[in-house]
Amino acid sequence: MDRAATAAKIAELIEPFNKKGVALTDASTFAGDLEWDSLTVMDFVAAIEDEFDIIISMNQQAEIETYGQLIDAVTKLQG
Amino acid sequence: MTDLFSKFDPLIQQRETLLATGVTDPFNLVMERVISPTQAICNGRETILLGTYNYMGMTFDPDVIAAGKQALDDFGSGTTGSRVLNGTYAGHRLCEEALKEFYGMEHAMVFSTGYQANLGIISTMAGKGDYIVLDIDSHASIWDGCKMGDAEVVPFKHNDIEAMEKRLKRIPEGAGKLVVLEGVYSMLGDIAPLKDMIKVAKDNGAMVLVDEAHSMGFIGPNGRGVAEEQGCLDDVDFVIGTFSKSVGTVGGFCVSNHPKFEILRLVCRPYVFTASLPPSVVHTAATSIRKLMHAGNKRAHLWENSRTLHKGLTDRGFQLGTKEPQSAIISVIMPDLERGAMMWEALLREGLYVNLARPPATPAGMTLLRCSLCAEHSAEQVQTIIGMFERAGKAVGII
């Protein structure tokens with residue numbers, strides 16, 4: 001799946017977690033803009049992992065702060 | 001200059017707001033005098049202890065106390081050294097022998113605390129390029145062990161076998177895998193379906209570590225824990241445990257059947273770079289562990305207490321962490337931190353001590369009043385406790 005298709009799928013998955021309806025750009029942050037706590041992050045990561053059949057380890061998660069970084073990481077992890 | 005303390009401002013604020021309501025600080029209680037495993041003097045009042053992890057009531061056992069006093073006389077107050085240098089005394093060996101017998105395993109390694117046992121074994125066993133797959137509700141010592149090592153850390157939803165399996169299957173071929181589970185999860189007092197989880201872990205080529213801190217001494221026919229109860233202890237590569245719960249003192253351990261296990265004594269930093277336990281502690285622990293091997297009646301009474309309290313609180317309308325009693329921990333769910341603290345204080349005034357547990361220690365942001373029963377609680381004490389809960393719950397408006 002290329003970056004655009006990955007981004008579209010992630011946008012779909014993020015919907016139920018984006019309770020405040022924040023408009024997303026590549027620079028949007030999960031902790032700041034979306035105001036997610038660690039539990040929400042955990043549930044969202046599980047949803048992404050299961051959709052794309054990948055692992056995003058805690059070590060990798062620590063480096064993903066923005067929506068754009070997540071799309072890049074998932075695109076790459078699909079190999 | 002940036003004040004490095006500023007990151008704690010939200011917590012400082014939350015504490016100030018809570019204490020401004022006039023509630024007693026729940027995290028600053030002093031046990032002024034301890035009368036027995038189930039009673040102490042707190043704030044000048046005689047109090048029933050229902051939040052101590054002293055499951056088997058061994059802290060005042062006459063044989064245990066005598067062993068500790070004798071060790072103080074014979075070996076002095078401390079070892080002043082590491083286990084691998086001058087800090088292994090006869091008592092440390094006695095303790096490891098007692099553990100091997102207790103669990104029926106080949107190897108045992110005694111650490112200075114249970115926290116260090118998890119920290120040491122997890123960070124040493126899973127190295128760079130390896131994967132740790134762990135339950136999201138794992139204890140802080142497990143998470144800290146993951147953080148200290150160089151392995152990739154992959155959590156899964158609490159007790160979710162399918163979520164664990166999916167993650168194991170996605171790990172690159174050839175990578176080392178360590179699955180970390182607990183027998184009893186101490187916040188809600190629920191147990192893990194270890195038999196099924198360990199089978200999935202083994203089928204996927206993982207080694208398995210199980211923390212049995214909250215089950216040792218009373219779960220399983222010989223008190224070896226949840227893995228023994230479910231008939232899968234032989235498939236566990238590492239059992240982690242503690243002396244600070246059923247054993248009744250302080251210290252931690254790992255038991256294993258792995259033929260290369262002893263090398264860990266040289267490579268496990270939280271084992272090497274700290275002073276060993278004092279002689280009095282290891283002699284009390286060894287004596288207590290041996291007595292726990294023959295504590296069938298106490299185990300049965302503890303289970304009775306757990307069932308009675310669970311039913312009593314359920315009947316009075318409290319919301320509990322588990323539908324049926326699964327361990328010696330009965331967790332009462334509070335609507336929020338403020339009412340949790342009020343209820344905690346109301347119970348203390350009744351003469352009952354329980355643990356107030358709050359995030360980040362608790363799952364899903366819950367505030368809990370955590371009750372841990374003791375084999376030394378009498379049936380009358382349990383009835384008294386239920387009455388105290390009822391009065392306090394009505395006074396605070398929780399039931």
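Protein sequences appear in the order of chains P and B.
For the first sequence, full-length UniProt numbering begins at 1 and goes up steadily by one.
For the second sequence, full-length UniProt numbering begins at 1 and goes up steadily by one.
A virtual CB, placed ideally from N, CA and C, is assigned to each residue, including glycine.
Remember, predicted model here, so these are calculated numbers, not experimental data.
Check, Outcome
"K323 of chain B in three-state terms, based on DSSP", "coil"
"6 Å CB neighbourhood of N118 of chain B in its chain, flanking five on each side removed", "S141, I142, G145, I240"
"With 16 other Cβ atoms within 10 Å as the buried cut-off, status of S36 of chain B", "exposed"
"Residues, ordered as in the chain, of the segment 47–62 of chain P that lie near chain B by beta-carbon distance below 7 Å", "D50, D53, I54, I55, S57, M58, N59"
"Q116 of chain B (DSSP reduced to helix, strand or coil)", "helix"
"Start and end residues, alpha helix (DSSP H) containing I161 of chain B", "161–170"
"8 Å contact criterion, which Y55 of chain B and C371 of chain B should meet: CB distance rounded", "With 8 Å as the limit, Y55 of chain B and C371 of chain B do not qualify as a contact, their Cβ atoms being about 12 Å apart."
"Bridge partner(s) assigned by DSSP for C254 of chain B", "B:M109, B:I240"
"Any 3 or more C-beta pairs closer than 8 Å across the segment 263–275 of chain B and the segment 307–318 of chain B", "no"
"Neighbour flag for V133 of chain B against chain A, beta carbons, 7 Å", "Here the protein chains are P and B, and chain A is not one of them."
"Partner residues on chain B for M42 of chain P, Cβ-Cβ distance less than 9 Å", "I136, P155, K157"
"Buried or exposed by the 16-neighbour rule on C-beta atoms within 10 Å, applied to G231 of chain B", "exposed"
"Residues of the segment 165–178 of chain B with Cβ closer than 8 Å to any Cβ of chain P, in chain order", "K166, R167, R170, I171"
"Cut-off 6 Å between Cβ atoms - residues of its own chain near G365 of chain B, not counting five sequence neighbours on either side", "P359"
"Spatially closest choice to I56 of chain P from B:T308, B:V354, B:V34, B:L168, by CA coordinates", "B:L168"
"Contact list for L24 of chain P against chain B, beta-carbon separation under 9 Å", "Those do not exist, as L24 of chain P stays about 25 Å from chain B at its closest Cβ, beyond 9 Å."
"Residue of B:A151, B:I333, B:I329 minimising C-alpha distance to Q319 of chain B", "B:I333"
"M125 of chain B and I161 of chain B closer than 7 Å at C-beta", "no"
"Nearest neighbour of L209 of chain B, chosen from B:M293, B:V184, B:K195, B:L178 [CA to CA]", "B:L178"
"Secondary structure, beta strand (DSSP E): runs of 3+ residues fully inside the segment 173–251 of chain B", "177–182, 207–211, 238–242"
"Extent of the continuous beta strand (DSSP E) run through E46 of chain B", "45–49"
"Residues bridged to T59 of chain B (per DSSP)", "Answer is none; T59 of chain B lacks a bridge partner."
"Neighbouring residues, chain B, relative to L70 of chain P (Cβ below 7 Å)", "Simply none; closest approach about 17 Å."
"C-alpha distance - I330 of chain B paired with L188 of chain B, whole-angstrom precision", "7 Å"
"Same chain only: Cβ atoms within 6 Å of S306 of chain B, ignoring 5 sequence neighbours per side", "P325, A328, L373"
"Reference A31 of chain P, options P:I10, P:Q61, P:I48, P:L77, closest by Cα", "P:Q61"
"Residues of its chain near V236 of chain B, where Cβ-Cβ distance is below 6 Å and the 5 sequence neighbours each way are ignored", "V208, V210, A227"
"Closest by C-alpha distance to A341 of chain B, when choosing among B:T21, B:T2, B:I12, B:M1", "B:T21"
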